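K.L.:
Taken in sequence, the protein lines are chains A and B. Note that the first sequence covers residues 0 to 279 in numbering that gives the first Met the number 0. Note that the second sequence covers residues 0 to 262 in numbering that gives the first Met the number 0. For every residue, glycine included, the Cβ atom is placed at its ideal position computed from N, Cα and C. Computed from a predicted structure; not experimentally measured. Can you keep this structure in mind? I'll have questions shortly.
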Amino acid sequence: MLLLFPFILILTLVAASCCSVLAQSLGYIPAFGLTKVTLSYYVDAMTNPDFLRSLVVSLQIAGCSAVLSAILGTLVCAAFVRRSGNAALYLIRVPILVPHAVAAVFMITLFSQTGLLARIAYTFGWISDPCQFPQLLYTSGYGGAILAYLWKEIPFVAYFVLALMSGVSKTLGEAAENLGASPLQSFFRITLPLSMPAICKAFLIIFIFAFGSYELPMLLGVTYPKALPVQAYLAYTAPDLRSRPAAMAMYGMILLVSVLLSALFSAAVQRLSHRAGGAA
Amino acid sequence: MRQRTFARLVLVVTAVCILLPMAVLLVWSVTGRWPWPLLTPENYSLRTIRELFHGSASLPRLLLSSCMLASMVAVLGTFVGILTARSTELYNFRGRELARGCALLPMLIPGTVFAVGIQITLLRIGFADTAAGVVLVHLVVAVPYCIMIMADVTRAVGTAYEEEAMVLGAGPLRAFFSVTLPHLMPGVLSSLSMGFILSYSQYFTTLIVGGGRIKTLALVLIPYIQSGDRALSSVYSVAFVSSALLVFSVFEFLLRQTRLDSR
Numbered sequence: 000m001l002l003l004f005p006f007i008l009i010l011t012l013v014a015a016s017c018c019s020v021l022a023q024s025l026g027y028i029p030a031f032g033l034t035k036v037t038l039s040y041y042v043d044a045m046t047n048p049d050f051l052r053s054l055v056v057s058l059q060i061a062g063c064s065a066v067l068s069a070i071l072g073t074l075v076c077a078a079f080v081r082r083s084g085n086a087a088l089y090l091i092r093v094p095i096l097v098p099h100a101v102a103a104v105f106m107i108t109l110f111s112q113t114g115l116l117a118r119i120a121y122t123f124g125w126i127s128d129p130c131q132f133p134q135l136l137y138t139s140g141y142g143g144a145i146l147a148y149l150w151k152e153i154p155f156v157a158y159f160v161l162a163l164m165s166g167v168s169k170t171l172g173e174a175a176e177n178l179g180a181s182p183l184q185s186f187f188r189i190t191l192p193l194s195m196p197a198i199c200k201a202f203l204i205i206f207i208f209a210f211g212s213y214e215l216p217m218l219l220g221v222t223y224p225k226a227l228p229v230q231a232y233l234a235y236t237a238p239d240l241r242s243r244p245a246a247m248a249m250y251g252m253i254l255l256v257s258v259l260l261s262a263l264f265s266a267a268v269q270r271l272s273h274r275a276g277g278a279a
Numbered sequence: 000m001r002q003r004t005f006a007r008l009v010l011v012v013t014a015v016c017i018l019l020p021m022a023v024l025l026v027w028s029v030t031g032r033w034p035w036p037l038l039t040p041e042n043y044s045l046r047t048i049r050e051l052f053h054g055s056a057s058l059p060r061l062l063l064s065s066c067m068l069a070s071m072v073a074v075l076g077t078f079v080g081i082l083t084a085r086s087t088e089l090y091n092f093r094g095r096e097l098a099r100g101c102a103l104l105p106m107l108i109p110g111t112v113f114a115v116g117i118q119i120t121l122l123r124i125g126f127a128d129t130a131a132g133v134v135l136v137h138l139v140v141a142v143p144y145c146i147m148i149m150a151d152v153t154r155a156v157g158t159a160y161e162e163e164a165m166v167l168g169a170g171p172l173r174a175f176f177s178v179t180l181p182h183l184m185p186g187v188l189s190s191l192s193m194g195f196i197l198s199y200s201q202y203f204t205t206l207i208v209g210g211g212r213i214k215t216l217a218l219v220l221i222p223y224i225q226s227g228d229r230a231l232s233s234v235y236s237v238a239f240v241s242s243a244l245l246v247f248s249v250f251e252f253l254l255r256q257t258r259l260d261s262r
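The following block contains the structure:
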């Protein structure tokens, strides 16, 4: 297929890049005179408590962001489905084009201990000092990064799911209501289950993105524990070139965990949708 | 009735959550001093605007380079999107399902890993720290979305019109360009706008592959945020968001025009 050629070229590039990362993570960097293939960098990483802490933190950020975005995004989408004016449709696309760095600025101006919300709390007399305002940013729970992801990804989920859900709702959902289902019944038993493929896809995209991305945990995070991509970038830019394979092992772990989770998740979704299809 | 009130409530809360931070951003971008615990700034200043135009990272140059990169990515991404969608949606061949599945694959490879990996490849072929390398890496980010958008319209338009044109004597190329392509226009415009925005807001990939030599608006924004200067980071954010919104609105306008035309 000649038409597929440019896309195959791009896929090859992606595959080659992943292979380079994996090769270097196994200690194969001829340019540095390293040619002995070894798993020791992975073993080092897996036995390093700092690395494990980072891995857990990144999984937490990704998990919280993806689960909450998927649920709340579906809710927003459901509210949009039957009455999506042009202005509303325009509005939910705005956060998609605002970059993550700007979302970080939003969190700093609103949620930091001298942010707008803390000032409002002071005005109402709920707190008398900035440090009484609950600290959300720059904590080991990465609340600031998660909030910033939510600001961006809830509208993303709503927009991503909207096409499918409004199609389902306008045909089968309304049919169910004509047959006597209440709006809530028709939503939970018809529209929501049939929109699940898009919701699951959006969930996976967000999870993988939040797990592997650098800006937000770097801007709104703490020095310990660092998110995995931040830790990996530090090792990557370290002046000591001997730390290169270790950095690559961290990138390798990000890659492997992402691929593994995507595969598991897709398989689980497929099995569930199979079962649902069989029951219907 | 209760559901309708609930739906309206959700919409209002969503709108406030989206717009409130942007309004605060606008205020911060012209703030001089805003000490705790005042609810509004103590005074306003144009220091930030001066810095924006005359500082070390001057806006016009950044806008130019960011827009040029993003336009390249948008055009190339849409081109790849049209071709790929056409082959996976309109033609039957072995591996068609595989090709469809692979279209989403680059979305599932974390950008940070990919950026570092492609840098190794680019160093080998001599494209590292060049604009071409940056376009290439942004393209990988944008292409899955372009394909997804194009696949939907391609499937909807189908081959019926094209076949009709060919029956009437048009060659395959002419049939595509003068019959199918106009029908694909809504998808092409959305894909261009998506590709542009995705490239425009890339940070990490530009940082790694551009090696600091390729400067974009998204790239210079980060150090201002790290420095903790809320006024300056806000003014750069405003510049970023308003330019992105402008481009997005132009595409939306064109989209509406083509829809009106086809009616």
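Which two residues bound the contiguous alpha helix (DSSP H) that contains B/T129?
P.N.:
As a working mapping, residue 129 of chain B is identified with position 130 in the second sequence. From DSSP, B/T129 is part of no alpha helix (DSSP H); its letter is neither H nor E.
K.L.:
Give a yes or no on whether 8 angstroms exceeds the smallest Cβ distance from B/V139 to chain A.
P.N.:
Here residue 139 of chain B is taken as the residue at index 140 of the second sequence, counted from 1. It does: the Cβ of B/V139 has a partner Cβ on chain A nearer than 8 angstroms.
K.L.:
Taking beta-carbon pairs under 9 angstroms, can you tell me which members of the segment 191-220 of chain A lie near chain B?
P.N.:
Going along the segment 191-220 of chain A in chain order, one finds K200, L203, I204, I207, F208, F210, G211, S212, Y213, E214, M217, L218 with a Cβ nearer than 9 angstroms to chain B.
K.L.:
Just verifying my parser: in three-state terms, what is the DSSP assignment at B/I213?
P.N.:
If you number the second sequence from 1, residue 213 of chain B lands on position 214. Three-state result, B/I213: coil.
K.L.:
Mind checking the segment 222-253 of chain B against chain A and listing, in chain order, the residues whose C-beta falls within less than 8 angstroms of any C-beta there?
P.N.:
So the list reads I224, Q225, R229, S232, S233, S236, F239, V240, A243, L244, F247, E251, given in the order they occur along the chain.
K.L.:
If you count every other CB in all the chains shown that lies within 10 Å of the CB of B/A131, and 16 or more means buried, which is it?
P.N.:
Position 132 of the second sequence holds residue 131 of chain B. It counts as exposed.
K.L.:
Using a Cβ cut-off of 8 angstroms (strictly closer), state whether B/C101 contacts chain A.
P.N.:
In the second sequence, counting from the first residue as 1, residue 101 of chain B sits at position 102. By this cut-off, B/C101 is an interface position.
K.L.:
Could you check whether B/S192 and B/F298 sit closer than 8 angstroms to each other, using their CB atoms as the reference points?
P.N.:
Examination of residue 298 of chain B is not possible in this model, given that chain B is present from 0 through 262 alone.
K.L.:
Given that a residue counts as buried once 16 or more other Cβ atoms are within 10 Å of its Cβ, and exposed if not, what is B/T4?
P.N.:
By one-based count along the second sequence, residue 4 of chain B stands at place 5. B/T4 should be labelled exposed.
K.L.:
Going along the segment 190-220 of chain B in order, which residues come within less than 7 angstroms of chain A, judged by CB to CB distance?
P.N.:
Result list: I196, S200, Y202, F203, A217, L220.
K.L.:
Express the C-alpha separation of A/V20 and B/L122 in angstroms, rounding to a whole number.
P.N.:
To locate residue 122 of chain B, count along the second sequence from 1; it is residue 123. To locate residue 20 of chain A, count along the first sequence from 1; it is residue 21. Using only the alpha carbons, I get a separation of about 13 angstroms.
K.L.:
Which residues in chain B have a C-beta closer than 7 angstroms to the C-beta of A/A113? List them in chain order.
P.N.:
Sequence index remark: in the first sequence, residue 113 of chain A carries index 114 (1-based). It should be pointed out that residue 113 of chain A corresponds to Thr in this sequence rather than to Ala. Simply W35.
K.L.:
So what's B/N42 in DSSP terms, helix, strand or just coil?
P.N.:
As a first step, residue 42 of chain B is located in the second sequence; it is residue number 43 there, counting from the start. Here B/N42 sits in strand by DSSP.
K.L.:
Look at the alpha carbon of B/S70 and the alpha carbon of B/Y199, and state the distance between them as a whole number of angstroms.
P.N.:
Position 71 of the second sequence, counted from the start, is the residue given in the question as residue 70 of chain B. Position 200 of the second sequence, counted from the start, is the residue given in the question as residue 199 of chain B. So the two alpha carbons sit approximately 9 angstroms from each other.
K.L.:
In the DSSP assignment, what are the bridge partners of A/R52?
P.N.:
Your numbering for residue 52 of chain A matches position 53 in the first sequence. Note: A/R52 sits in no beta bridge, so no partner.
K.L.:
Give the straight-line distance between the Cα atoms of B/V26 and A/A102, rounded to the nearest whole angstrom.
P.N.:
In the second sequence, the residue the question calls residue 26 of chain B occupies position 27. In the first sequence, the residue the question calls residue 102 of chain A occupies position 103. Approximately 16 angstroms between the Cα atoms of the pair.
K.L.:
Give me the chain A residues within the contact set of B/I48, using Cβ-Cβ distance strictly less than 8 angstroms, ordered along the chain.
P.N.:
The residue you call residue 48 of chain B lines up with position 49 of the second sequence. Under the 8 angstroms cutoff, chain A gives no residues; its nearest Cβ is about 17 angstroms from B/I48.
K.L.:
Rounded C-beta distance between A/V156 and A/A201? I'm assuming under 8 angstroms.
P.N.:
For the purposes of this step, residue 156 of chain A is taken as residue 157 along the first sequence, with counting starting at 1. For the purposes of this step, residue 201 of chain A is taken as residue 202 along the first sequence, with counting starting at 1. That pair is a contact at about 5 angstroms.
K.L.:
What's the gap between the Cα of B/L68 and the Cα of A/L203?
P.N.:
As a first step, residue 68 of chain B is located in the second sequence; it is residue number 69 there, counting from the start. As a first step, residue 203 of chain A is located in the first sequence; it is residue number 204 there, counting from the start. So the alpha carbons of these two residues sit roughly 28 angstroms apart.
K.L.:
Could you tell me the boundaries of the beta strand (DSSP E) in which B/T30 lies?
P.N.:
In the second sequence, counting from the first residue as 1, residue 30 of chain B sits at position 31. B/T30 -> beta strand (DSSP E) spans 30-32.
K.L.:
Using a Cβ cut-off of 8 angstroms (strictly closer), state whether B/L310 contacts chain A.
P.N.:
It is not possible to answer for residue 310 of chain B, since the shown part of chain B is limited to 0 through 262.
K.L.:
Taking the runs of the alpha helix (DSSP H) that are 4 residues or longer, which of them lie wholly in the segment 189-255 of chain A?
P.N.:
Listed in chain order, the complete alpha helix (DSSP H) runs (minimum 4 residues) inside the segment 189-255 of chain A are 191-211, 214-219, 227-235.
K.L.:
Which residues in chain B sit within 8 angstroms of A/S68, going by Cβ to Cβ distance?
P.N.:
As a first step, residue 68 of chain A is located in the first sequence; it is residue number 69 there, counting from the start. The premise fails here: A/S68 is roughly 13 angstroms from chain B at the closest Cβ pair, so nothing lies under 8 angstroms.
K.L.:
Can you tell me whether B/F252 is buried or exposed? The criterion is at least 16 other CB atoms within 10 Å of its CB, across all chains shown.
P.N.:
The count along the second sequence starts at 1 and reaches residue 252 of chain B at position 253. Per the 10 Å Cβ criterion, exposed.
K.L.:
Please report how far the alpha carbon of A/G124 lies from the alpha carbon of B/I48, in whole angstroms.
P.N.:
Indexing the first sequence from 1 puts residue 124 of chain A at position 125. Indexing the second sequence from 1 puts residue 48 of chain B at position 49. A/G124 and B/I48: Cα-Cα distance of roughly 35 angstroms.
K.L.:
Excluding the 5 residues flanking A/A279 on each side, which residues of the same chain have their C-beta closer than 8 angstroms to its C-beta?
P.N.:
Along the first sequence, one-based indexing puts residue 279 of chain A at 280. Residue confidence is low: A/A279 scores 39 on pLDDT, short of 50, so the model does not pin down where it sits. Its coordinate-derived value is still stated next. So the list is empty, once near-sequence residues are dropped.
K.L.:
Tell me the rounded alpha-carbon separation between B/V11 and B/Q2.
P.N.:
Your numbering for residue 11 of chain B matches position 12 in the second sequence. Your numbering for residue 2 of chain B matches position 3 in the second sequence. For B/V11 and B/Q2, the distance between alpha carbons rounds to 14 angstroms.
K.L.:
Three-state secondary structure (DSSP) at B/L167?
P.N.:
Indexing the second sequence from 1 puts residue 167 of chain B at position 168. Of the three classes helix, strand and coil, the one that applies to B/L167 here is coil, per DSSP.
K.L.:
Go through its chain and collect everything with a Cβ distance to A/I28's Cβ below 7 angstroms, but skip five positions before and after it.
P.N.:
Translated into the one-based positions of the first sequence, residue 28 of chain A becomes position 29. R243, P244.
K.L.:
May I have the straight-line CA-CA distance separating B/L206 from B/L218, to the nearest angstrom?
P.N.:
As a first step, residue 206 of chain B must be located in the second sequence, where it is residue number 207. As a first step, residue 218 of chain B must be located in the second sequence, where it is residue number 219. If I take the Cα positions, the gap works out to 7 angstroms.
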